[in-house]
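Asker: Supplied in structure tokens, the structure appears directly below.
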Amino acid sequence: MNDKLLSERLKMVANFVPEGSSVADIGSDHAYLPCYLMNHQRITMAIAGEVNEGPYQSAIKQVKRSGFTNEITVRKGNGLEVISPGEVDVITIAGMGGQLIRDILLGGVEKLENVKRLILQPNVAAHLLRERLADLNWELVDERILEEDDKIYEVLVFNAGNGKQPYAGMDGKELQKNLLAGPFLLKDKNEAFMKKWQIELKKRERILQSLTNTEGVSDKEAQVTNERDIIKEVLS
Ligand code: SAM
């Protein structure tokens, strides 16, 4: 497979796959990620999972074209139902909303028992993953943010471990800020990070402006005001 087929976003996901892993890529579409990982001899085998017929067929074609039909199995199914417990040690899920990624993981927690690492690339709502996975003892160990084709993407890496560890000693607004924007990303605020949160701040300010002209919205106003104040902290 030509490396140029893989976006910078997916290369960033690939960089976090430990050498010698077995990987399930859920929502694999063209299976570019597992093909790239095999091409670079990073992994021993992969399962490419797809729920929709079109992308499932695209994955089969790409795996054949890349010559990895022995190493990459393409399976059709919803979320983690395409894997058995203990079958892989890394799961990648990229290019979906944070809520869908969270629901896919929660829908198959029994499949996660022997998994050592989750590499997740939510297009939106990364905070939902930080919040929920901390409760399930998935320890956030790294994060990246990048801009590609005018879109900003986050990559979150979780190892089986102590989910609360990255937020140790934090509470109140500090904890909310870290769950929202990411403890690793907050330590190294790059251009993409600043751009994302400036856009998010403007969104909240627009909502607040529209709410001041509407009656009976005090709960919503309080919630958005809190978010706006946290985002100001994030940007400071
Ligand atoms: N992972 C690739 C990437 O990052 O470029 C493809 C992302 S594409 C936007 C999302 C893919 O996830 C689609 O091909 C869709 O069919 C698949 N998908 C959505 N929900 C799914 C689910 N519950 N289980 C498996 N695949 C799913």
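Numbering (the working numbering), first residue to last: 229 to 464.
All residues carry an ideal CB built from backbone N, CA and C; glycine is no exception.
Secondary structure at M240, three-state DSSP: helix, strand or coil?
Answerer: helix
Asker: Taking a contact to mean a Cβ-Cβ separation below 7 Å, would you say F251 touches A287 in this structure?
Answerer: Position check: residue 251 holds Val in this sequence, whereas Phe was assumed. No Cβ-Cβ contact shorter than 7 Å links V251 with A287.
Asker: Under a three-way DSSP split, which group does G185 fall into?
Answerer: Residue 185 lies beyond the stretch modelled for the chain, which goes from 229 to 464, so this question has no answer here.
Asker: Between G314 and E341, what straight-line distance do the alpha-carbon atoms span, to the nearest angstrom?
Answerer: So the alpha carbons of these two residues sit roughly 7 Å apart.
Asker: How should T320 be labelled, buried or exposed, when 16 other C-beta atoms within 10 angstroms of its C-beta is the threshold for buried?
Answerer: buried
Asker: Is I332 near the ligand SAM, in the sense that its beta carbon is under 6 Å from a heavy atom of that ligand?
Answerer: yes
Asker: With DSSP run on the structure shown, which of helix, strand or coil describes K304?
Answerer: strand
Asker: List, from N- to C-terminal side, the alpha helix (DSSP H) runs of 4 residues or more that fit wholly inside the segment 407 to 449.
Answerer: 411 to 415, 419 to 440
Asker: Buried or exposed: where does I300 fall if 16 or more other Cβ atoms within 10 Å of its Cβ makes it buried?
Answerer: buried
Asker: Cβ of P313 within 6 Å of any heavy atom in the ligand SAM?
Answerer: no
Asker: Contact defined as beta carbons within less than 8 Å: I believe F386 pairs with L414. What is the distance between those atoms, to the nearest angstrom?
Answerer: With 8 Å as the limit, F386 and L414 do not qualify as a contact, their Cβ atoms being about 17 Å apart.
Asker: Helix, strand or coil for N390? Go by DSSP, reduced to three states.
Answerer: coil
Asker: Buried or exposed: K339, going by 16 or more other Cβ atoms within 10 Å of its Cβ?
Answerer: buried
Asker: Looking at the secondary structure, which residues open and close the beta strand (DSSP E) in which D363 lies?
Answerer: Taken as a continuous stretch (DSSP letters only), D363 belongs to no beta strand (DSSP E), being part of the alpha helix (DSSP H) at 354 to 363.
Asker: Using DSSP's beta-bridge definition, name the partner residues of I332.
Answerer: None, per the DSSP bridge assignment.
Asker: Please determine, among I459, R360, L234, I329, the residue with the shortest C-alpha to C-alpha distance to K423.
Answerer: Ranking the options by Cα distance to K423, first place goes to I459.
Asker: Can you grab the Cα-Cα spacing for the pair I332 / L368, in whole Å?
Answerer: I332 and L368: Cα-Cα distance of roughly 18 Å.
Asker: For the alpha helix (DSSP H) containing P262, name the first residue and the last one.
Answerer: 260 to 267
Asker: Output the residues surrounding the ligand SAM, defined as those with a CB atom closer than 5 Å to any ligand heavy atom, in chain order.
Answerer: Checking every Cβ against the heavy atoms of the ligand SAM under 5 Å gives G255, D257, V279, N280, P283, N306, G307, A322, G323.
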